[in-house]
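J.: The letter at position 96 of the sequence shown is residue 115 when you use the working numbering, and the numbering goes up by one with no holes.
Ideal Cβ placement from N, Cα and C applies to all residues, glycine included.
Mind having a look at this structure? Questions to follow.
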Amino acid sequence: MRVLVLGAGFGGLELTSRLSEGLGDDADVVLVDQADGFVFGYSKLDVMFGRTTAEAVVHAYRDVVKPGVRFVRSVIRSIDPTRRRVETDDGPFEGDVLVIALGADLDPSATPGLLRAGHEFYTVPGSFAVREVLDGFAGGRVVVAVTSTPFKCPPAPSETALLVHDFLTRRGLRDRSEVALVMPLGAPIPPSPAASTALLTAFAERGIEWYPQRIVRRLDAERRVAVLADGDELPFDLFLGVPVHRAPQVVQDSGLCVNGWIPVDPLTLETSFPDVYAVGDVTSVGTPKAGVFAERQAAVVAEAIIARVRAEGAAAPYDGRGICYVEFGGGQVGRVDVTFRSGQAPTGDFDAPSDLLVADKSEFGTSRVRRWFGRDWVAH
Ligand SMILES: Cc1cc2nc3c(=O)[nH]c(=O)nc-3n(C[C@H](O)[C@H](O)[C@H](O)COP(=O)(O)OP(=O)(O)OC[C@H]3O[C@@H](n4cnc5c(N)ncnc54)[C@H](O)[C@@H]3O)c2cc1C
């Protein structure tokens, strides 16, 4: 069985690890990614706020050494889902099964003024660059804002606003600063009212202004104001934006997308093309765009492939569940356990911030690095 996996993010790394564990050399797995290494989304915030260094959070793909898996560093230029074949800068690759885990690309230039007058903190280079911007910031009005939907990791803008508050407090700049958070959602974490209440309380305690169900469409660089979709304006001295998300161009050109993302069967992650699956941010499966969902979807696809190779019965269906850690500032971490099932209202449980959860979050990263890269790692 030749399995071709496109993208070595949360989805691709989990999928190939499981295939290697389950099938070893019985499978011929090729994993293709254009990057040097993997960075956890939350590590971007850690670098931005000076909790660790850029070098410490990049997990090099050369460390992906697993039975049955070959990592190819290359740019994928075209995808033919009918033949399950791709063209890359290093030639063509084909699979009996093709899994697309290419994530969501970020397009900061799609928001007028963002690159000129503000900063985006969602790409690896963008978030790492914000660290120096913050170092040089003398205080003033900070706006943290989302510029389109959907966007990855819905709690991340809330976490960022709380960490900005901490940063300014540490630097003695909070008294002469204001922090505002602009979000398209009606609540910080809609499926979990308890988590949302805890975050709204944390914003209120810290004097963080909360603008729900709003979105920033453009920045006026001359006047230093963010213009919202409804025409309202928010002045800023420092603008930290979540840029527009899209499926990577190569996916859009493949004929797999409907309304910008790849539709999949919500229980099996199969696309409309035989033996072609898609997992994670590149899909419109109905879960938020977050690594924990991509990882669990990848596990379902891996189990289906393993069952097929072993000629066993059907694998368990996808359950839509994800457990996310949420930074509350002050070194505190909470946890939400949410489930998104097709055709049902999402549900969510919340564990209040605690030291135990700080350790849990650390173990979350450490355990993935151990499994995916075969080495030890301490987040910070
Ligand atoms: C600030 C921030 C904080 C976050 N915090 C969390 C968190 O705490 N928990 C959580 O679960 N999620 C978090 N996320 C979200 C998480 O990072 C993503 O949802 C997750 O990485 C998606 O996994 P994926 O496998 O779908 O795609 P990705 O991990 O994005 O992987 C896609 C891969 O495809 C590769 N690729 C794309 N196009 C090509 C091409 N043409 N050729 C070759 N390779 C290509 C990319 O290089 C990339 O490695 C956060 C995100 C951000 C920005």
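May I ask you to check if the CB of V152 is nearer than 7 Å to at least one heavy atom of ligand 1?
T.: Counting from 1 along the sequence shown, the entry for residue 152 is found at position 133. For ligand 1, no non-hydrogen atom lies closer than 7 Å to the CB of V152.
J.: At a threshold of 7 Å, does Y344 count as lining ligand 1 (C-beta to nearest heavy atom)?
T.: If you number the sequence shown from 1, residue 344 lands on position 325. Yes, the Cβ of Y344 comes within 7 Å of a heavy atom of ligand 1.
J.: Leaving out five residues before and five after S128 in sequence, what residues of the same chain have Cβ atoms less than 7 Å from its Cβ?
T.: Counted from its first residue, the sequence shown places residue 128 at position 109. Result list for S128: L134, in chain order.
J.: Is P86 near ligand 1, judged by its Cβ being under 7 Å from some heavy atom?
T.: Locating residue 86 in the sequence shown gives position 67, where the first residue counts as 1. No.
J.: Please enumerate, following chain order, all residues with a beta carbon closer than 5 Å to at least one heavy atom belonging to ligand 1.
T.: So the residues near ligand 1 by this Cβ test are G26, G28, F29, G30, D52, Q53, A54, G60, Y61, K63, V94, I95, A120, L121, G122, Y141, K171, C172, A175, P267, V269, G299, D300, K308, A309, G310, V311 and A313.
J.: Could you tell me the alpha carbon to alpha carbon distance between V49 and S167, rounded to whole angstroms?
T.: Counting from 1 along the sequence shown, the entry for residue 49 is found at position 30. Counting from 1 along the sequence shown, the entry for residue 167 is found at position 148. Spanning the two alpha carbons is a distance of roughly 34 Å.
J.: How would you call D395, buried or exposed, if buried means at least 16 neighbouring beta carbons within 10 angstroms?
T.: Counting from 1 along the sequence shown, the entry for residue 395 is found at position 376. Classification for D395: exposed.
J.: What separation, rounded to the nearest whole angstrom, lies between the Cα atoms of R389 and L32?
T.: Position 370 of the sequence shown, counting from 1, holds the residue named residue 389. Position 13 of the sequence shown, counting from 1, holds the residue named residue 32. In a straight line, the C-alpha of R389 is about 12 Å away from that of L32.
J.: Is there a C-beta anywhere in chain D that falls below 8 Å from the one on G339?
T.: Among the protein chains of the structure shown there is no chain D, as only one such chain exists.
J.: Would you report the Cα separation of A199 and G260, rounded to the nearest angstrom?
T.: Indexing the sequence shown from 1 puts residue 199 at position 180. Indexing the sequence shown from 1 puts residue 260 at position 241. Looking at the two C-alpha atoms, the distance is approximately 12 Å.
J.: Please report the straight-line C-alpha distance between V24 and D284, rounded to a whole angstrom.
T.: Position 5 of the sequence shown, counted from the start, is the residue given in the question as residue 24. Position 265 of the sequence shown, counted from the start, is the residue given in the question as residue 284. Taking C-alpha positions only, V24 is separated from D284 by approximately 18 Å.
J.: With a floor of 3 residues, list each beta strand (DSSP E) that falls wholly inside the stretch 34 to 66, ordered by position along the chain.
T.: 47 to 52
J.: Please report the straight-line C-alpha distance between F170 and G145, rounded to a whole angstrom.
T.: For this step, residue 170 is matched to residue 151 along the sequence shown. For this step, residue 145 is matched to residue 126 along the sequence shown. Answer to the nearest angstrom: the Cα atoms are 16 Å apart.
J.: So what does DSSP say about E382, is it helix, strand or coil?
T.: Counting from one through the sequence shown, the residue named residue 382 turns up at place 363. The answer is helix: DSSP assigns E382 an H, G or I state.
J.: Starting from the N-terminal side, write out each stretch of the beta strand (DSSP E) that is 3 residues or longer and does not extend beyond the stretch 253 to 302.
T.: 257 to 261, 263 to 265 and 295 to 297
J.: For A221, count neighbouring Cβ atoms within 10 angstroms of its own Cβ and tell me buried if that reaches 16, exposed if not.
T.: Position 202 of the sequence shown, counting from 1, holds the residue named residue 221. Classification of A221: buried, given that the 10 Å Cβ count is 16 or more.
J.: When the Cα of V162 is compared with those of G41, P209, R103 and V246, which residue comes out closest?
T.: The residue you call residue 162 lines up with position 143 of the sequence shown. Measuring from the Cα of V162, the nearest candidate turns out to be V246.
J.: Using 8 Å for Cβ pairs, my map puts C172 next to A309. What's the rounded Cβ distance?
T.: Residue numbering aside, residue 172 sits at position 153 when the sequence shown is read from its first letter. Residue numbering aside, residue 309 sits at position 290 when the sequence shown is read from its first letter. That pair is a contact at about 5 Å.
J.: With DSSP as the reference, label V401 as helix, strand or coil.
T.: The displayed coordinates of the chain run from 20 to 399. Any statement about residue 401 would go beyond what the structure contains.
J.: Would you call the stretch 33 to 44 in contact with the stretch 52 to 71, where contact means no fewer than 3 C-beta pairs closer than 8 Å?
T.: no
J.: May I ask you to report which of helix, strand or coil DSSP gives D395?
T.: Taking the first residue of the sequence shown as position 1, residue 395 is located at position 376. Residue state, collapsed to three classes: coil.
J.: Tell me, which residues are paired with T358 by DSSP?
T.: Within the sequence shown, residue 358 is the residue found at index 339, counting from 1. R340 and T366.
J.: What does G110 pair with, by DSSP beta-bridge criteria?
T.: One-based indexing of the sequence shown puts residue 110 at position 91. T107, per the DSSP bridge assignment.
J.: Helix, strand or coil, according to DSSP, for V201 in the structure here?
T.: Along the sequence shown, one-based indexing puts residue 201 at 182. The answer is strand: DSSP assigns V201 an E or B state.
J.: Quick test of your reading: R103 and V295, contact by CB under 8 Å. State the CB separation rounded to the nearest angstrom.
T.: The residue you call residue 103 lines up with position 84 of the sequence shown. The residue you call residue 295 lines up with position 276 of the sequence shown. Going by Cβ atoms, the distance from R103 to V295 rounds to 6 Å, so yes, they are a contact pair.
J.: Near E197, what residues of its chain come up, given a Cβ to Cβ distance below 6 Å and the 5 sequence neighbours on each side ignored?
T.: Residue numbering aside, residue 197 sits at position 178 when the sequence shown is read from its first letter. The beta carbon of E197 lies closer than 6 Å to those of R160 in the same chain, with the five residues before and after it left out.
J.: Whether or not the stretch 368 to 377 and the stretch 341 to 357 are in contact is what I'm after, with contact meaning three or more pairs of Cβ atoms, one per stretch, closer than 8 Å; do they touch?
T.: yes
J.: Taking DSSP as the reference, what is the three-state secondary structure of D227?
T.: Reading the sequence shown from its first residue, position 208 is the one you call residue 227. The residue asked about is misnamed: residue 227 is Ile in this sequence, not Asp. Looking at I227 - three-state DSSP - the assignment turns out to be strand.
J.: By the 10 Å Cβ neighbour count, where 16 or more other Cβ atoms means buried, how is Q316 classified, buried or exposed?
T.: Taking the sequence shown and counting its residues from 1, the one referred to as residue 316 is at position 297. Looking at its Cβ environment, which holds 16 or more other Cβ atoms inside 10 Å, Q316 is buried.
J.: Distance check for K380 and V397, CA to CA, integer angstroms please.
T.: Against the sequence shown, residue 397 aligns to sequence position 378. Against the sequence shown, residue 380 aligns to sequence position 361. Computed Cα separation, rounded: 11 Å.
J.: Which term fits S215, buried or exposed, when burial requires 16 or more other beta carbons within 10 angstroms of its beta carbon?
T.: For the purposes of this step, residue 215 is taken as the residue at position 196 of the sequence shown. S215 comes out buried.
J.: Once the 5 residues before and after L286 are set aside, which same chain residues still bring their CB inside 7 Å of it?
T.: For the purposes of this step, residue 286 is taken as residue 267 along the sequence shown, with counting starting at 1. Excluding sequence neighbours, L286 sits near P336 and Y337.
J.: Could you have a look at P372 and say whether DSSP puts it in helix, strand or coil?
T.: Residue mapping note: residue 372 aligns to position 353 of the sequence shown, counting from 1. Strand at P372.
J.: Hey, quick one: how far does the beta strand (DSSP E) through S97 stretch, first residue to last?
T.: The residue given as residue 97 occupies position 78 in the sequence shown. Counting along the chain, the beta strand (DSSP E) containing S97 begins and ends at I95 to D99.
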